[in-house]
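Undergrad: This is the structure, below, for whatever I ask next.
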Amino acid sequence: RIAVFGTTEEYAGARDGAGRVGEAEYARLRDFLAAVGLAGAEHAVLHARPAVLAGLSPVKNRSVPDLQYDFVERAARDFPDLRITLNGGLAMPSLRAACRSETSISSHMAGRWMLRRPLDLAAIPSTFSELGSKEDFIRNAAVANTRSVQAVENYVDYVKMTMGDGGISRRNAISRPTNAELLLPLYLITEQLHEDYDEDDEEEERILSTDSMERIYETVADALRWVESVHEREGTVKKSKVPEKDSYRFKKLAGSFKGLVGTKVANKWKRNRMEL
Numbered sequence: 001r002i003a004v005f006g007t008t009e010e011y012a013g014a015r016d017g018a019g020r021v022g023e024a025e026y027a028r029l030r031d032f033l034a035a036v037g038l039a040g041a042e043h044a045v046l047h048a049r050p051a052v053l054a055g056l057s058p059v060k061n062r063s064v065p066d067l068q069y070d071f072v073e074r075a076a077r078d079f080p081d082l083r084i085t086l087n088g089g090l091a092m093p094s095l096r097a098a099c100r101s102e103t104s105i106s107s108h109m110a111g112r113w114m115l116r117r118p119l120d121l122a123a124i125p126s127t128f129s130e131l132g133s134k135e136d137f138i139r140n141a142a143v144a145n146t147r148s149v150q151a152v153e154n155y156v157d158y159v160k161m162t163m164g165d166g167g168i169s170r171r172n173a174i175s176r177p178t179n180a181e182l183l184l185p186l187y188l189i190t191e192q193l194h195e196d197y198d199e200d201d202e203e204e205e206r207i208l209s210t211d212s213m214e215r216i217y218e219t220v221a222d223a224l225r226w227v228e229s230v231h232e233r234e235g236t237v238k239k240s241k242v243p244e245k246d247s248y249r250f251k252k253l254a255g256s257f258k259g260l261v262g263t264k265v266a267n268k269w270k271r272n273r274m275e276l
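Structure below.
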């Protein structure tokens, strides 16, 4: 973190009128980076949001302290021999903004963004291509759509291979993921598409075309029907209510995971995804 405070009172006392921590905290960060650099460190990952150890929960620590990307940028300029990675609050809009500006930051790290919008990973190359020609951007956007569809199809093949290897009841293989672990990525993908499907094509966060989203919908729906069939063979049938292919009902498709992993697990997925 760019700054750490023991209590909320300490954090409040260090903030200026705009709610940001100031030069005293940057001086501490600078001294720390100088020390680790002298010790031989070549790379530092800086979270751009201050941390409060007592008085704020982990969830609140991800949203209440203001992001201060300028601290990370200053550190990257002040320590040119140290590779600086920016972490904290990244999403497609902020990454695009970073790509459009001059920076000394060497790389970016994304955490919860990838839980909320995993398919955005496929669009990162096209995001950087926005600095090039319009033709390059269009071509890379098409590649991002193709890559997303293929990635989901390949992952479904992996799920079938893993769940089909000995059946659902095979629990003695320690390295084998649980069924919930296997289905979680498909749930996260479905929730992203649920948010994006009814948005306009020009929405800034929307990456995939309508055709690509519908292809992914069909792939996920077919996968969940296959999981149902495996449950049936194992004698552990659960009613998932996977929607038919006559329409693209992403909300209902997301809800059908409850029948496959249980309501408690599915609700936990939903809560975790919403904790930005």
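Its first residue numbered 1, the sequence shown is counted upward by one per residue in this note's numbering.
Here a beta-carbon is modelled for each residue, glycine too, at the ideal position from N, C-alpha and C.
With DSSP as the reference, label Gly88 as helix, strand or coil.
TA: Residue 88 sits at position 88 when you count from the first residue of the sequence shown. Note: Gly88 maps to coil in three-state DSSP.
Undergrad: Which value, in whole angstroms, describes the spacing of the CA atoms of Tyr248 and Leu208?
TA: Looking up residue 248 in the sequence shown gives position 248. Looking up residue 208 in the sequence shown gives position 208. If you take the alpha carbons of Tyr248 and Leu208, they lie about 15 Å apart.
Undergrad: Please determine, among Val265, Glu73, Val72, Ala27, the residue with the shortest C-alpha to C-alpha distance to Ala180.
TA: Looking up residue 180 in the sequence shown gives position 180. Residue Val265 is the option with its Cα nearest to Ala180.
Undergrad: Let me check understanding here. Comparing Cα to Cα, which of Ile189, Lys160, Phe257, Thr190 lies closest to Arg176?
TA: As a working note, residue 176 is residue 176 in the sequence shown. Out of Ile189, Lys160, Phe257, Thr190, Lys160 has the C-alpha closest to the C-alpha of Arg176.
Undergrad: Just to check my reading of the structure: Val52 and Thr8 have Cβ atoms closer than 8 Å, yes? What is that Cβ distance to the nearest angstrom?
TA: Taking the sequence shown and counting its residues from 1, one reaches residue 52 at position 52. Taking the sequence shown and counting its residues from 1, one reaches residue 8 at position 8. Correct: roughly 6 Å between the Cβ atoms.
Undergrad: Going by beta carbon distance, what residues of the same chain come within less than 7 Å of Gly6, once the five residues before and after it are set aside?
TA: The residue you call residue 6 lines up with position 6 of the sequence shown. Answer for Gly6: Leu53, Ala54, listed in chain order.
Undergrad: Could you check if Arg49 is buried or exposed, using at least 16 other CB atoms within 10 Å of its CB as the buried criterion?
TA: As a first step, residue 49 must be located in the sequence shown, where it is residue number 49. Arg49 should be labelled buried.
Undergrad: Going by C-alpha distance, which of Val261, Arg83, Arg62 is nearest Gly40?
TA: On the sequence shown, position 40 is the one that residue 40 refers to. Gly40 has its Cα closest to that of Arg83, out of Val261, Arg83, Arg62.
Undergrad: Compute the beta-carbon to beta-carbon distance between Arg273 and Glu214, rounded to the nearest angstrom, for a pair I have assumed lies under 8 Å.
TA: The residue labelled residue 273 in the question sits at position 273 within the sequence shown. The residue labelled residue 214 in the question sits at position 214 within the sequence shown. Wrong, their Cβ atoms sit about 22 Å apart, outside the cutoff.
Undergrad: Okay, do the segment 252-264 and the segment 96-113 touch, 3+ Cβ pairs below 8 Å being the bar?
TA: At 8 Å Cβ cutoff, the stretches do not touch.
Undergrad: Do you know how far the Cα of Leu46 is from the Cα of Val72?
TA: On the sequence shown, position 72 is the one that residue 72 refers to. On the sequence shown, position 46 is the one that residue 46 refers to. So the alpha carbons of these two residues sit roughly 7 Å apart.
Undergrad: Given 8 Å as the limit, is there contact between the segment 108-118 and the segment 85-98, that is, 3 or more CB pairs closer than that?
TA: The segment 108-118, when compared against the segment 85-98, does touch it at the 8 Å Cβ threshold.
Undergrad: Please identify the residue among Arg233, Arg225, Glu234, Asp78 whose C-alpha is closest to the C-alpha of Phe257.
TA: Sequence index remark: in the sequence shown, residue 257 carries index 257 (1-based). That would be Arg225, whose Cα lies nearest to the Cα of Phe257.
Undergrad: According to the neighbour-count rule (16 or more other Cβ atoms, all chains shown, within 10 Å of its Cβ), is Ser63 buried or exposed?
TA: Here residue 63 refers to the residue found at position 63 of the sequence shown. Exposed: under 16 other Cβ atoms inside 10 Å.
Undergrad: Have a look at His43 and Val21 and give me their C-alpha separation to the nearest angstrom.
TA: Translated into the one-based positions of the sequence shown, residue 43 becomes position 43. Translated into the one-based positions of the sequence shown, residue 21 becomes position 21. Cα-Cα distance, rounded: 24 Å.
Undergrad: By how many angstroms is the C-alpha of Met109 removed from the C-alpha of Ser212?
TA: The residue you call residue 212 lines up with position 212 of the sequence shown. The residue you call residue 109 lines up with position 109 of the sequence shown. If you take the alpha carbons of Ser212 and Met109, they lie about 27 Å apart.
Undergrad: Whole angstroms is fine: what's the gap from Ile189's alpha carbon to Glu275's?
TA: Locating residue 189 in the sequence shown gives position 189, counting from the first residue. Locating residue 275 in the sequence shown gives position 275, counting from the first residue. Cα-Cα distance, rounded: 16 Å.
Undergrad: Terminal residues of the continuous beta strand (DSSP E) containing Gly6?
TA: Numbered from its first residue, the sequence shown carries residue 6 at position 6. Per DSSP, Gly6 belongs to the beta strand (DSSP E) from 4-7.
Undergrad: For Ser107, does the three-state DSSP call read helix, strand or coil?
TA: To locate residue 107, count along the sequence shown from 1; it is residue 107. DSSP places Ser107 in strand when its eight states are reduced to three.
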